[in-house]
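Residue numbering for the sequence shown follows my numbering, starting at 230 and increasing by one per position.
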Amino acid sequence: MTALLDLDRPLPPAGSLPEGSAVIPPPQLPHVQRELIARATAASPRWQSLARMQLSDQEIGMGRHNDHANASVLRRIIGEYGWPGVPLVGEDGATAAWQIALHADTDAFVQRAAARAMYGATQRGTASIRQWAHLHDRCLLNAASPQLFGTQYLLGADGPERRPVRDLDTLDTRRAEVGLPPAVDALRDLRLRLAAAPRTSDQKNDGASTTNSTESA
230 MTALLDLDRP LPPAGSLPEG SAVIPPPQLP HVQRELIARA TAASPRWQSL ARMQLSDQEI
290 GMGRHNDHAN ASVLRRIIGE YGWPGVPLVG EDGATAAWQI ALHADTDAFV QRAAARAMYG
350 ATQRGTASIR QWAHLHDRCL LNAASPQLFG TQYLLGADGP ERRPVRDLDT LDTRRAEVGL
410 PPAVDALRDL RLRLAAAPRT SDQKNDGAST TNSTESA
C-alpha cells in the first residue's frame with residue numbers, strides 16, 4: 230500500500246489574507262468542506278507514519294479500510310457536485326479532497342475519476358495543476374505505467390528513490406509546464422522535509438513537494 234505524506238508550507242493564520250488581496254468569498258458547500266477536512270485531518274498522522282514505514286501490518290490493513298471509506302465519500306461528492314474545487318469547498322477543502330484521492334489506491338476507479346474531474350477543474354481555474362500532476366502520476370503508477378511528472382518516490386534504505394519516469398530527458402520541461410520545480414530541487418526539498426519533524430494538522434500541501442512510501446516531490 231502506498232500513502233502520501235504531505236510536506237509543505239504552513240497555512241496562513243485563520244482569517245488572514247495576503248496584503249492587497251481581494252476578500253475571498255466563503256465556500257458554497259461548507260458542509261462538504263467540513264467533511265473533507267475532517268477525514269483528511271484524521272488520516273494525516275497515519276499517512277505520515279506510513280510514509281516513514283512506522284506502521285504495523287495490522288495498522289496498514291486498518292488504514293486500507295479507512296482510505297477505501299474516504300474514497301467512497303469522495304466518489305459520492307464528485308457524483309453530486311463534480312470536483313470539489315476552491316469555490317465549492319475553499320482551498321483547504323480542495324486540498325483535503327486531493328489528499329483523499331491520492332490515497333484512494335484501493336479503488337482505482339475512484340482515483341482515476343477524481344483525476345479526470347480535477348483536471349477539468351484545473352482548466353476552469355478552480356483546482357491546482359501542481360496537485361493534479363501528483364494525482365496523475367499516482368494513477369499512472371497504479372496502472373503499472375511510468376509517471377509523467379516524476380512526483381512519486383519510494384522510500385528506500387538510502388532515502389527517497391524516484392519511481393519510473395517516462396522520457397527522463399524531458400522531465401523538467403514537463404514539470405515546468407505544471408508549475409513544479411526542477412526534479413533535483415524537489416528531491417533536495419523532499420529530503421530536507423523527511424529529515425524534519427512530521428508536520429502538524431494545521432499545515433497543507435500545495436503540490437510542490439510531498440512524500441509517500443511511495444513518496445512524491
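Backbone N, C-alpha and C define an ideal beta-carbon position, used for all residues, glycine too.
Treat the numbers as computed from the prediction; the structure is a model and nothing was measured.
Burial state of residue i, where buried means 16 or more other Cβ atoms lie within 10 Å
i           : result
residue 363 : buried
residue 309 : exposed
residue 454 : Absent from the model: residue 454. The displayed extent of the chain is 230 to 446, so no value can be given.
residue 305 : exposed
residue 380 : buried
residue 291 : exposed
residue 419 : buried
residue 424 : exposed
residue 385 : exposed
residue 278 : buried
residue 271 : exposed
residue 421 : exposed
residue 397 : exposed
Per DSSP, the bridge partner or partners of residue i
i           : result
residue 376 : 394
residue 388 : 385
Short Cβ contact (8 Å threshold) for residue i with residue j
i           : j           : result
residue 317 : residue 261 : yes
residue 377 : residue 365 : yes
residue 253 : residue 321 : no
residue 401 : residue 411 : yes
residue 325 : residue 314 : no
residue 415 : residue 446 : yes
residue 269 : residue 328 : yes
residue 346 : residue 307 : yes
residue 404 : residue 375 : no
residue 274 : residue 319 : no
residue 331 : residue 367 : yes
*Answer yes if the stretch 334 to 343 comes into contact with the stretch 380 to 395, meaning at least three C-beta pairs across the two stretches below 8 Å, and no otherwise.*
No, the stretch 380 to 395 does not touch the stretch 334 to 343.
*Hey, is the stretch 295 to 303 in contact with the stretch 347 to 357, meaning 3+ C-beta pairs nearer than 8 Å?*
No, the stretch 295 to 303 does not touch the stretch 347 to 357.
*Taking only runs of the alpha helix (DSSP H) that begin and end inside the stretch 299 to 386, which ones reach a length of at least 4 residues, in chain order?*
Runs of the alpha helix (DSSP H) inside the stretch 299 to 386: 315 to 331, 337 to 352, 358 to 371.
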